[in-house]
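Structure record follows, encoded as structure tokens.
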Amino acid sequence: MRIILTPRLLDWVGRFVVVAILGFILCPAVVVTIAAFNAKAILAFPPESLSLRWFTKALAYEDFRTGFRNGLIVTFWASLIALGVGAGFAFVIDRYQFTGKNTLEAVLLSPLVIPHFTIGLGLLILSAQLGAGRGYVIIVLTHVILVLPFVLRSVYVSLRNLDRRLELAAASLGASPGRVMLTVTLPLMLPGLVSGWLFAAILSFNEFTASLFVTVQRTQTLPVAMYNYVREFADPSMAALSVMYIAATALLLVVANMFLGLGKVLNVENAR
Amino acid sequence: MSRMRAEQEGSGAILRPGALLESRPASLRLDRVTKRYGEVVALNDASLTIAPGEFVTLLGPSGCGKTTLLNLIAGFIDADSGEIFLDGRPITRVPTCDREIGMVFQNYALFPHMSVARNVGYGLRMRRVPKTEAAERVAAALAMVKLDTMADRRPRQLSGGQQQRVALARALVINPKVLLLDEPLSALDKNFRAAMQIELRELQQRLGVTAVFVTHDQSEALSLSDRIVVMADGVIRQIGTPQDIYNQPADRFVASFVGDVSVFRGHVAANDGGKLLVTLGQAQIAGADAAYADARPGDAADIFIRPEALRLAGPGEAVIAQGIVAAQVFQGSHADIFIDTASAPSGRVLTRAPASDTAARLRIGSVVNLAIAAQEDVSIFPPAAE
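Sequence order for the protein chains is X and W.
Okay, so the first sequence: first residue is 18 according to this note's numbering, each after it adds one.
Okay, so the second sequence: first residue is 335 according to this note's numbering, each after it adds one.
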């Protein structure tokens, strides 16, 4: 039997494939969300009866609370430092010609190809050698290294899209280099800076592999606390926490979208 | 220092209503300015003097150094040698922001994150002009370019022509000593460009501001300028009024780049101290200038004739060349007639005739005789190396 591929059939097959792919992408989040409302103390899908008790438990659990607090501290500093350092390097790479420029770029982007556990392990060994201890400094440092490439790329793209003639126009109108930077360059780079910071913050807050190496009980971030929890317990409070995680991140993106437009934040639109 | 002066002059202007926008026309002088990019000489030993209030066009093909010259005046790039004077003051090492220039870019370079009014007011804010005065000057500048109703729009909400005017208002509101324009009309469509040319010229003359205009469009240069600077390969080839450039081109390049021209091959009959007499067909033609001073009788000579100086020979007229009509292009008021002739090194020449009497008389392939209509519009140069 031959199937005749009419445009109409192709159209329906195409729609089905797209829906299937989207469904597959959303599948884990949907499963976890539904499991979070299970009334029983097991991670099961689908749940037999519904309850909000695991949300209450997750919010009350001491390790999660400190993990959340630690995560915020680490994310705040790591994303801020990465933003400053990344934007600075992006500016230098975009504006100046110098020997070793390609090497510099490769080194700055290398955390993208080096496994996170390698970076975590390396910094763990290093901090032990230096006797630095496993405080916040080493965690923040680890996260800065990991998220730097994302800030760098994001800011670099927005600098590339910036018409240099705008800066020349500002200079011709009497703006000193500092004021050109403040009144023209920075405002037009803002979407790139915000998106870079946003990526850095989300990645840092979610980072697990490297964090596992460099944190201790006192400084563990939320993903590490969740891992430690799931090693001992298997109740749906993990799933409840995941739902809150998703909701918080989505809220962050919605806020960013309201102020700047998602196209700009994700740098897919020319910053105009 | 200069900023303080700008402010004083600005506040002086407010006392005289209607004089919010007034220019301080300045002279501009380039003294043997050279700019290299590695091995490439972008601008070679350029000297040029521009009088206050003059409209000067830098004309040449792309890569001729005209934009380099403009960028040097603006201070966007530094000269390797030579000196630039604005109002008699050397500015070669003065940063752009202190040069008191107004610049209009090809893509207008309006700040996309500011409204039209804030774009125009940018230069005034940088000069710390008091707010109320700045607002009045912005309003006056926008009224001048007929955009007073658009003050709150964003640049991207405007058409190309409107953006162009905003750019012009932004550059003029600071009362610049010199207005620099980098191919500002080339992004506009053709019909609108002609209207903007007239408007630009009127505005410049009304304000009396010194203007340097860059273009690769020779007809734009001819119609706008007080004087034209023709450039090629980083060298200034000729400086002169549009009439000078058109009628007495300094060399073959200028003759061919500005306006249409036909080249005939003739022979030198006599050389009276640079005044040439050349033979072309049955005609003897006197050279208008001394571009071929070392010519000896019998030497070959290339004779450049404008289309309007060439005509179809009437009875009894001295024929300079015989040819075959290759094509006729109707242009409305006249027709361009392309004629193939052995007397031209390129094999083809161009003449013009009133549209009314050509179509009937001339057919493709018919044999015609050509004659000179106006001897003074003829230029004689050494033959091109082949």
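Here a beta-carbon is modelled for each residue, glycine too, at the ideal position from N, C-alpha and C.
I need the boundaries of the beta strand (DSSP E) containing residue i, first residue and last residue.
i: R170 (chain X); result: Taken as a continuous stretch (DSSP letters only), R170 (chain X) belongs to no beta strand (DSSP E), being part of the alpha helix (DSSP H) at 153–177.
i: K609 (chain W); result: 609–614
i: Q709 (chain W); result: Looking at the DSSP string, Q709 (chain W) is not in any beta strand (DSSP E), and its letter there is neither H nor E.
i: M243 (chain X); result: No beta strand (DSSP E) holds M243 (chain X); the alpha helix (DSSP H) holding it covers 239–249.
i: T368 (chain W); result: 362–371
i: T426 (chain W); result: Here T426 (chain W) belongs to no beta strand (DSSP E), and DSSP marks it neither H nor E.
i: M198 (chain X); result: First-last for M198 (chain X): undefined, no H or E at that position.
i: S415 (chain W); result: 415–420
i: R645 (chain W); result: 644–646
i: A545 (chain W); result: 544–549
What does DSSP give as the partner residues of residue i in its beta bridges?
i: R504 (chain W); result: DSSP lists no partner for R504 (chain W).
i: S596 (chain W); result: W:I639
i: T383 (chain W); result: W:R363
i: R682 (chain W); result: W:D674
i: G601 (chain W); result: Position check: residue 601 (chain W) holds His in this sequence, whereas Gly was assumed. DSSP lists W:T613, W:A634 as partners of H601 (chain W).
i: T575 (chain W); result: Partner(s): none; T575 (chain W) has no beta bridge.
i: D606 (chain W); result: W:K609
i: R561 (chain W); result: W:V390
i: D486 (chain W); result: DSSP, once it has assigned bridges, lists no residue as partnering D486 (chain W).
i: H668 (chain W); result: W:P688
i: L704 (chain W); result: W:L646, W:A655
i: M437 (chain W); result: W:L514
i: V569 (chain W); result: W:A566
i: F715 (chain W); result: W:D636
i: L377 (chain W); result: W:K369
i: A661 (chain W); result: W:F672
i: I619 (chain W); result: W:V612
Listing by chain order, which chain X residues have their CB less than 9 angstroms from the CB of residue i?
i: Y626 (chain W); result: Residues of chain X passing the Cβ test: none, with the nearest at roughly 44 angstroms.
i: F410 (chain W); result: L185, A188, S189
i: R306 (chain W); result: The displayed coordinates of chain W run from 335 to 720. Any statement about residue 306 (chain W) would go beyond what the structure contains.
List the residues of chain X that residue i touches, going by C-beta distances under 8 angstroms, in chain order.
i: T430 (chain W); result: L185, A188, S189
i: I435 (chain W); result: S189
i: I508 (chain W); result: L190, G191
Residue i lies in the alpha helix (DSSP H); which residues open and close that run?
i: T401 (chain W); result: 400–408
i: L43 (chain X); result: 24–53
i: E470 (chain W); result: 465–478
i: I654 (chain W); result: Unbroken run through I654 (chain W): none, as it is neither H nor E.
i: L229 (chain X); result: 226–231
i: I532 (chain W); result: 524–541
i: M460 (chain W); result: 450–460
i: F72 (chain X); result: 70–77
i: E65 (chain X); result: It is not in any alpha helix (DSSP H) - E65 (chain X) carries neither H nor E in the DSSP assignment.
i: S590 (chain W); result: 586–591
i: R182 (chain X); result: 181–189
What in chain X is Cβ-close to residue i, meaning under 7 angstroms?
i: G457 (chain W); result: L190, G191
Could you name the residues of chain W that residue i contacts, counting a contact when the two beta carbons are closer than 8 angstroms?
i: D180 (chain X); result: N441, A443
Can you name the residues of chain W whose CB is closer than 7 angstroms to the CB of residue i?
i: A196 (chain X); result: It is Arg, not Ala, that sits at residue 196 (chain X) in the sequence shown. Within 7 angstroms Cβ-Cβ: M460.
Using a cut-off of 9 angstroms between C-beta atoms, extract the partners of residue i located in chain W.
i: L205 (chain X); result: F445, P446, H447
Step through the CB atoms of chain B and report whether any lies within less than 8 angstroms of the CB of residue i.
i: V201 (chain X); result: Of the protein chains in the structure, X and W, none is chain B.
Hey, which unbroken runs of the alpha helix (DSSP H) at 4 residues or more fall wholly within the region 96–156 of chain X?
Here the runs fully enclosed are 118–126, 133–147.
Take every Cβ of the region 124–136 of chain X, pair it with every Cβ of the region 188–202 of chain X, and state whether three or more of those distances are shorter than 8 angstroms.
no
Quick test of the definition: if touching needs 3 or more C-beta pairs under 8 angstroms, does the region 522–537 of chain W touch the region 445–457 of chain W?
no
Count Cβ pairs between the region 38–57 of chain X and the region 259–269 of chain X that sit closer than 8 angstroms; are there 3 or more?
Judged by Cβ distances under 8 angstroms, the region 38–57 of chain X makes contact with the region 259–269 of chain X, as three or more pairs qualify.
Do the region 473–488 of chain W and the region 211–222 of chain X touch if we need at least three Cβ pairs shorter than 8 angstroms?
no
Are there three or more Cβ pairs, one per stretch, closer than 8 angstroms when the region 461–475 of chain W is compared with the region 416–431 of chain W?
Because the criterion of three Cβ pairs below 8 angstroms is not met, the region 461–475 of chain W and the region 416–431 of chain W do not touch.
Count the C-beta pairs between the region 378–392 of chain W and the region 544–554 of chain W that are closer than 8 angstroms, then say yes if the count reaches three, no if not.
yes
Is the number of C-beta pairs between the region 68–86 of chain X and the region 175–182 of chain X that are closer than 8 angstroms three or more?
no
Quick check: the region 700–710 of chain W against the region 631–648 of chain W, are at least 3 beta-carbon pairs closer than 8 angstroms?
yes
Would you call the region 238–245 of chain X and the region 79–96 of chain X touching, i.e. three or more CB-CB distances under 8 angstroms?
yes
Would the region 407–426 of chain W and the region 575–586 of chain W be scored as touching if the rule is three or more Cβ pairs under 8 angstroms?
no
Check whether the region 264–275 of chain X touches the region 242–255 of chain X, taking contact to mean three or more Cβ pairs, one atom from each stretch, closer than 8 angstroms.
no
Taking three-plus beta-carbon pairs below 8 angstroms as touching, is the region 673–691 of chain W in contact with the region 595–608 of chain W?
yes
Three or more C-beta pairs below 8 angstroms linking the region 605–616 of chain W and the region 627–639 of chain W
In this structure the region 605–616 of chain W lies against the region 627–639 of chain W, because at least three pairs of beta carbons, one per stretch, are closer than 8 angstroms.
May I ask you to verify whether the region 490–508 of chain W touches the region 436–445 of chain W, counting CB pairs closer than 8 angstroms and requiring at least 3?
yes
Does the region 58–66 of chain X come within contact of the region 115–130 of chain X, defined as at least 3 CB pairs closer than 8 angstroms?
no
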